[in-house]
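Protein sequence lines correspond, in order, to chains A and B. Going by the numbering used here, the first residue of the first sequence is number 1, and it counts up by one from there. Going by the numbering used here, the first residue of the second sequence is number 150, and it counts up by one from there. Where is the CB? At the ideal position from N, CA and C, for every residue including glycine. Below is one structure; the comments refer to it alone.
Number of protein chains: 2
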Amino acid sequence: MKIEEEIKQTTFKNAYQKVVVNLIYTSGWLQGRQQEFFKPFRITSSQFNILRILRGQHPNKISGVEIKSRMLDKNSDIPRLLDRLIKKNLISKSPCPKDKRAADIIITEEGLHVLSQIDSQLDESQKTLIKLSKDEALQLSELLDKFRG
Amino acid sequence: MKIEEEIKQTTFKNAYQKVVVNLIYTSGWLQGRQQEFFKPFRITSSQFNILRILRGQHPNKISGVEIKSRMLDKNSDIPRLLDRLIKKNLISKSPCPKDKRAADIIITEEGLHVLSQIDSQLDESQKTLIKLSKDEALQLSELLDKFRG
DNA sequence: AATTAATATATGTTTAAACATATATTTCAG
DNA sequence: CTGAAATATATGTTTAAACATATATTAATT
Numbered sequence: 001m002k003i004e005e006e007i008k009q010t011t012f013k014n015a016y017q018k019v020v021v022n023l024i025y026t027s028g029w030l031q032g033r034q035q036e037f038f039k040p041f042r043i044t045s046s047q048f049n050i051l052r053i054l055r056g057q058h059p060n061k062i063s064g065v066e067i068k069s070r071m072l073d074k075n076s077d078i079p080r081l082l083d084r085l086i087k088k089n090l091i092s093k094s095p096c097p098k099d100k101r102a103a104d105i106i107i108t109e110e111g112l113h114v115l116s117q118i119d120s121q122l123d124e125s126q127k128t129l130i131k132l133s134k135d136e137a138l139q140l141s142e143l144l145d146k147f148r149g
Numbered sequence: 150m151k152i153e154e155e156i157k158q159t160t161f162k163n164a165y166q167k168v169v170v171n172l173i174y175t176s177g178w179l180q181g182r183q184q185e186f187f188k189p190f191r192i193t194s195s196q197f198n199i200l201r202i203l204r205g206q207h208p209n210k211i212s213g214v215e216i217k218s219r220m221l222d223k224n225s226d227i228p229r230l231l232d233r234l235i236k237k238n239l240i241s242k243s244p245c246p247k248d249k250r251a252a253d254i255i256i257t258e259e260g261l262h263v264l265s266q267i268d269s270q271l272d273e274s275q276k277t278l279i280k281l282s283k284d285e286a287l288q289l290s291e292l293l294d295k296f297r298g
């Protein structure tokens with residue numbers, strides 16, 4: 001379904017207006033599906049983002065700012081996102097000895113376990129969701145990089 | 150800046166993973182800039198979305214569901230979004246005579262005025278923001294349509 | 001070394017999303 | 001023409017974003 005049909009708008013002012021609308025619409029569409037996907041695992045996509053970052057560093061501990069710099073959403077409220085993950089025992093936090101301001105964050109075994117369960121389904125889910133060939137996916141990614149300049 | 154640098158991740162599992170991440174990141178990037186853009190006008194981008202829809206129908210009145218069907222974010226909480234716009238005198242609402250469940254929504258003169266002020270800057274702002282040629286913008290839009298299948 | 005600036009995190013508050021449920025009205029089946 | 005289903009909106013509640021500000025610590029300046 002073309003974007004024109006999705007939002008019942010027959011014309012756009014120009015190509016830029018159209019691509020802006022389409023990008024936001026498509027991202028919302030995707031995030032809706034992601035939310036559905038994550039629901040059985042009792043986490044949100046921001047929480048998944050943090051877990052994935054921490055697994056990438058495992059078994060090293062990293063700080064909140066380090067997490068923030070790797071987040072998809074750069075405005076994330078890290079302290080409270082971490083609180084929620086700690087409450088679920090998916091990560092743990094300890095004071096950093098080298099810098100008393102900072103915290104050492106690490107993913108727990110339980111966190112790794114949840115991620116491994118997610119992994120086994122995520123790939124398949126994404127490939128069936130996204131109606132692009134591998135080459136088209138790469139091309140789209142390049143255009144998005146260029147979009148941001 | 151490539152997506153790999155933006156989120157400090159050197160590799161992706163596959164092209165689909167990469168494009169998903171890039172799409173969400175880019176959309177967040179864009180929405181951040183839009184938010185900045187709209188701030189002086191004292192509206193949010195969802196509110197702008199509604200105003201633009203209403204202007205498209207002006208001087209006809211349309212219902213809440215009609216607005217919803219045209220929204221970028223299909224999960225929008227229409228009643229409360231409308232409340233906020235009414236409070237700012239940008240739209241007005243009256244009971245629909247033909248269907249007593251529904252409401253007739255219309256944009257006010259003040260709403261039209263705000264939109265016209267926005268228009269005069271939005272085009273220019275988008276064209277300088279988006280680092281794509283017209284053709285690339287159209288190509289990106291097509292790939293996004295295809296992405297959703 | 002004392003002062004200032006910068007950094008890492010935490011917290012309070014306002015605002016909006018998310019989710020479920022409720023109410024009124026209309027439509028449709030039989 | 002009556003009751004069930006569908007529709008349009010409203011509202012209550014929980015949860016998370018957004019924004020500003022505070023605190024503690026480290027780094028930089030003079």
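Considering only DSSP beta bridges, list what residue i is partnered with.
i	result
A:Ala103	A:Pro95
A:Ile62	A:Ile105
So which residues on chain B does residue i lean against when the C-beta distance must stay under 7 Å?
i	result
A:Phe147	Thr175, Ile279, Lys280, Leu281 and Leu289
Residues of chain B with CB under 8 Å from residue i, in chain order?
i	result
A:Glu136	Leu292 and Lys295
Mind pulling the chain A residues with CB within less than 9 Å of residue i?
i	result
B:Lys210	Residues of chain A passing the Cβ test: none, with the nearest at roughly 16 Å.
Skipping 5 residues on each side, what residues in its chain have a beta carbon closer than 8 Å to that of residue i?
i	result
A:Ile86	Ser92 and Lys93
B:Ser194	Gln180, Gln183, Gln184 and Phe187
A:Leu132	Leu140
A:Ile7	Val21 and Tyr25
Output, in chain order, the set of chain A residues within a Cβ distance shorter than 8 Å of residue i.
i	result
B:Ile152	Ser141, Leu144 and Asp145
B:Gln158	Gly56 and Arg70
B:Gln275	Tyr16, Gln17 and Val20
Going by beta carbon distance, what residues of the same chain come within less than 7 Å of residue i, once the five residues before and after it are set aside?
i	result
A:Leu129	Arg33
B:Asn198	Met220 and Leu221
A:Lys13	none
What does residue i touch in chain B if you count any residue whose Cβ is under 9 Å from its own?
i	result
A:Ile50	None at all; the shortest Cβ gap to chain B is about 12 Å.
Using a Cβ-Cβ cutoff of less than 6 Å, which residues in the same chain neighbour residue i once the five nearest sequence positions on both sides are dropped?
i	result
B:Asp253	Lys210, Ser243 and Cys245
A:Glu136	none
Check distances from the C-beta atoms of the region 24-43 of chain A to those of chain B and list, in chain order, the residues that come in under 9 Å.
-> Ile24, Tyr25, Thr26, Ser27, Gly28, Trp29, Leu30, Gln31, Gly32 and Gln34
What runs of the alpha helix (DSSP H), each 4 residues or longer, lie entirely inside the region 39-88 of chain A?
-> 45-57, 64-70 and 78-87
Can you list, in chain order, the residues of the region 99-118 of chain A whose Cβ is nearer than 8 Å to any Cβ on chain B?
-> none
Listed from N- to C-terminal order along the chain, which residues in the region 65-83 of chain A have their beta-carbon within a distance smaller than 8 Å of any beta-carbon of chain B?
-> Ser69, Arg70, Met71, Leu72, Asp73, Lys74 and Asn75
Compile a chain-ordered list of the residues in the region 234-248 of chain B whose CB is closer than 9 Å to at least one CB of chain A.
-> none
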